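Some notes on the structure that comes next.
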Amino acid sequence: MSLRTFKTVVALVIGGFLIAAVYISVLVVQRQGALRQISVYNPAWEAGQATSEFMRLEQRLAEFASGKSKLDQDEVRLRYDILLGRAQILNEGSFKDLLQTSPEHGETLVEFQKRLAAVQPLIEEIGQRPEAAQEALEILNPLEGPLAQLASASHNHGAALVQKDQQELIRLHWAFSGIAVSLILIGVVLIILLNRHNRLLGHAHEELHVLAHQDALTGLPNRVVLRNQLEQALSSRRSNGRTIAVSYLDLDHFKDVNDSFGHETGDELLKAVAERLRDCIPSHEGQVRNLISRFGGDEFAILQTGIRRPEESAALASRIVEALRAPFSVNGQEIFIGTSIGIALAQGPVTSSQILKHADMALYHAKADGRGTFRFFEPDMDAQLQARRALEVNLRKAMGAGEFELFYQPQINIEANEIGGFEALLRWHHPERGLVPPGEFIPVIENTGLIVPLGDWVIEQACREAAGWPRNIHVAVNLSPVQFRSRGLVQSVSRALAESGLDPNRLELEITESVLLQDNEMTVSTLHQLRRLGVRIAMDDFGTGYSSLSYLRSFPFDKIKIDQSFVREMSQRADCLAIVQSVANLGSSLGMPTVAEGVETEDQLRQIQAAGCTDAQGYYFGRPKPAHELVHTLDALKHAVKVA
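If you read the sequence shown in this note's numbering, its first letter stands for residue 3, the second for the next number, and so on.
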């Protein structure tokens, strides 16, 4: 029974009690009324008494008229007064009911009153005039028969009323008894329900206790249990050479599993991971105790107590990494993931929050080192984290302080032997550090979400500055995957073109394969919307991903940019040269220009020319410069390009 149903039943029972209580009160009042009515139902007695007094008065008058009795006139007057009182009673109280049902008896009473009034003067005179008694008898004698009938009728009427009230009392008795029994039964039912509800509350309390301390998906203890166990272990820690370690686990590429196979498969994978962790992590290893918990999402944590050396935690971490590297079979799919682990040891005075924070820092560095590995917390990690946070604060201030500037690197059209365009590159002029390397702050602005407003500014600034260049030169702007998730990219590009007046065909947006991985249908739809604005789309870093060829088929790009890692090693590695040649041939067959990035020497330039690349970009043609230092012809560049 649900709590809502139980509340409804209890409300109905309470309502029944209230209704029954009101009804019982009404019955009691009715019974009291009936009893009171019975007490006044004495018409037969009243009529009988009146008739008896009438007969006594007649007897006294007869004795007084005969003169043989020693009866005096005072006794006659007393009997008259008594009879007069009885006559008045007959006109009051319950006797009126009889008079209403039998009008002829009412006439008898009226006549009775008249004759009593008529004999009153005679009663007063009997002391002086004895014959007055006989006269009074003659006046009263006609009432003997009617009064006897009245007494008989009143007796019958009273008997009927008593019988009726007896029946009503019997009905009320049974009704009262039925209600009393019903109340008893309702009370029993209520007691049973309350007992059942108490049991349900007990079960619910047990379930809540389990939910409060156990992860609902995997059945592992949750973060509350781990933190409590950690605090207990820290408080009872002794200087016996043994210490405590906390390991943070984060599954590698778990988001890709959710995106590719759905969250149901992701949940099943988490269950499988939990089961595999149970298999490879024993709860006891000598004096070492291991507690596995799930912290939420794809994060797990392991508490080790009683370890002597860091190598024990390292051995466990290595075992976990190897165990989770093996493929998982989930819903008929073979899934490969991995894990990164951060380990923190309880060294010196440390709180539970601090050791968990240290493990999280170590995990961050393990992921930064390439994933699929583990790292121990080191004190300088905290300093690095503080430096990163300071960098985030400075970046937020930099946007409002105008510390960002765009530099531009030329892109050379080898076939036409001219500058075809410039790629916009973001630079940060820190007020104290000077020019900050892009590789240091670009990942930070992407992780913090600052890339969205800053990316809008880059597009607007690039369009505004390119609008003053020669019309045959375009501007290329790199787009981050985060910008695609903002859902406002198309509006931002459209606004930048409208405000700058730049021909849309002169704006080239460069995207990497990571953009296409996040949501293929939505991303391709966004790319088509950008294409409808008139801008050109280039695939950057082509060849570094696994699905670049399939993306060329799903969306008609305007240009392919070959990653600089292949260009730089063409002279040393034949496979890199073969890749450059293959991409150039692919671009030619698809009607797409191919840009070789990272050209730094004349030898590399000759090689990409021979491979069939149409465009080139790199330090050989000049380093990135701000807009006011740009030149727009090859003759003005430090190294002129001479095409054989």
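Note that the Cβ used here is the ideal one computed from N, Cα and C, for glycine as well.
Owing to the predicted nature of the structure, the values given are computational and were not obtained by experimental measurement.
With which residues is residue i paired in a DSSP beta bridge?
i, result
"Thr-653", "Residue coverage of the chain in this structure runs from 3 to 646, which leaves residue 653 outside it and unanswerable."
"Gly-298", "Glu-301"
"Arg-561", "Looking at the sequence provided, one finds Lys at residue 561 rather than Arg. Beta-bridge pairing links Lys-561 to Ala-540."
"Leu-428", "Leu-408"
"Ile-246", "Thr-307"
"Ser-331", "Glu-336"
"Asn-292", "Gln-306"
"Leu-529", "Partner(s): none; Leu-529 has no beta bridge."
"Pro-223", "Gln-216"
"Phe-80", "Rather than Phe, the amino acid found at residue 80 in this sequence is Leu. Leu-80 pairs with nothing; no bridge assigned."
"Ile-421", "Ile-414"
"Ala-346", "Val-248"
"Glu-109", "DSSP output for Glu-109 lists no bridge partner at all."
"Gly-441", "None, per the DSSP bridge assignment."
"Ile-513", "Met-541"
What's the gap between the Cα of residue i and the Cα of residue j?
i, j, result
"Ala-612", "Leu-253", "45 Å"
"Ala-276", "Leu-222", "7 Å"
"Ala-606", "Lys-399", "Reading the sequence as shown, one finds Gln at residue 606 and not Ala. The straight-line gap from Cα to Cα measures roughly 41 Å."
"Arg-79", "Leu-124", "10 Å"
"Phe-649", "Leu-393", "The requested residue 649 does not occur in the structure, where the chain is confined to residues 3 to 646."
"Asp-371", "Thr-635", "43 Å"
"Ile-416", "Glu-599", "13 Å"
"Pro-284", "Ser-590", "59 Å"
"Met-524", "Asp-258", "16 Å"
"Val-183", "Gln-165", "27 Å"
"Gln-289", "Ser-241", "15 Å"
"Ile-475", "Val-395", "37 Å"
"Thr-514", "Phe-486", "12 Å"
"Leu-527", "Arg-489", "Residue 527 is actually Ser in this sequence, not Leu. Rounded to whole angstroms, Ser-527 to Arg-489 spans 11 Å at the Cα level."
"Gln-574", "Thr-596", "22 Å"
"Ile-343", "Lys-273", "19 Å"
"Glu-301", "His-432", "36 Å"
"Ser-154", "Leu-14", "55 Å"
"Gly-404", "Pro-351", "45 Å"
"Ala-64", "Asn-158", "31 Å"
"Leu-92", "Leu-111", "8 Å"
"Leu-202", "Gln-335", "41 Å"
"Phe-56", "Gln-75", "16 Å"
"Leu-427", "Ser-355", "41 Å"
"His-175", "Ile-181", "10 Å"
"Ser-315", "His-265", "32 Å"
"Arg-117", "Val-24", "53 Å"
"Arg-198", "His-215", "26 Å"
With a cut-off of 8 Å on the beta carbons, I'd call residue i and residue j a contact; round off their distance for me.
i, j, result
"Gln-531", "Val-492", "5 Å"
"Asp-542", "Asn-480", "7 Å"
"Val-585", "Ile-610", "The pair is not a contact, with the Cβ atoms about 10 Å apart (cut-off 8 Å)."
"Arg-429", "Glu-448", "Their Cβ separation, rounded to whole angstroms, is 16 Å, which puts Arg-429 and Glu-448 out of contact at 8 Å."
"Val-332", "Glu-270", "5 Å"
"Ala-540", "Glu-510", "6 Å"
"Leu-185", "Ala-52", "Contact doesn't hold; Cβ gap of about 49 Å is too wide."
"Gln-413", "Asp-637", "So it is not a contact: roughly 17 Å between Cβ atoms."
"Ala-364", "Arg-377", "5 Å"
"Arg-88", "Leu-59", "With 8 Å as the limit, Arg-88 and Leu-59 do not qualify as a contact, their Cβ atoms being about 10 Å apart."
"Phe-424", "Val-477", "6 Å"
Report all residues from its chain with a CB closer than 6 Å to the CB of residue i; omit the five preceding and five following residues, and keep chain order.
i, result
"Ala-303", "Leu-228, Tyr-250, Ser-295 and Phe-297"
"Ala-218", "none"
"Arg-570", "Gly-600"
"Ala-120", "Ile-141"
I'd like the list of long-range same chain contacts for residue i, defined as Cβ closer than 8 Å, with 5 residues on each side in sequence excluded.
i, result
"Glu-501", "Glu-462, Cys-465 and Arg-466"
"Leu-535", "Val-492, Val-495, Ser-496, Leu-499 and Pro-506"
"Met-401", "Leu-452, Pro-455, Leu-456 and Trp-459"
"Thr-245", "Arg-239, Ile-309, Arg-310, Leu-347, Ala-348 and Gln-349"
"Arg-473", "Asp-505 and Arg-508"
"Arg-390", "Val-446"
"Asp-281", "Ala-325"
Which residues in the same chain have their Cβ closer than 7 Å to the Cβ of residue i, if we skip the five residues on either side of it in sequence?
i, result
"Pro-602", "The question names Pro, yet the displayed sequence has Glu at residue 602. These residues qualify, in order along the chain: Gly-620, Tyr-621 and Tyr-622."
"Leu-326", "Val-275, Arg-278, Ile-339, Gly-340 and Thr-341"
"Gln-231", "Leu-293 and Leu-305"
"Gln-136", "Ala-67"
"Lys-627", "Phe-409 and Tyr-410"
Would you say residue i touches the ligand NAD, meaning its beta carbon is less than 7 Å from a heavy atom?
i, result
"Met-524", "The ligand NAD is absent from the structure shown, which contains no ligand whatsoever."
Segments assigned alpha helix (DSSP H), at least 4 residues, entirely inside the region 561 to 627
For the alpha helix (DSSP H) assignment, the uninterrupted runs of no fewer than 4 residues enclosed by the region 561 to 627 are, from N- to C-terminal side, 566 to 570, 576 to 592 and 604 to 613.
Mind listing, in chain order, the continuous alpha helix (DSSP H) runs of no fewer than 4 residues lying wholly within the region 125 to 158?
133 to 142
Which whole runs of the alpha helix (DSSP H) in the region 475 to 507 are 4 residues long or more, in chain order?
483 to 487 and 491 to 502
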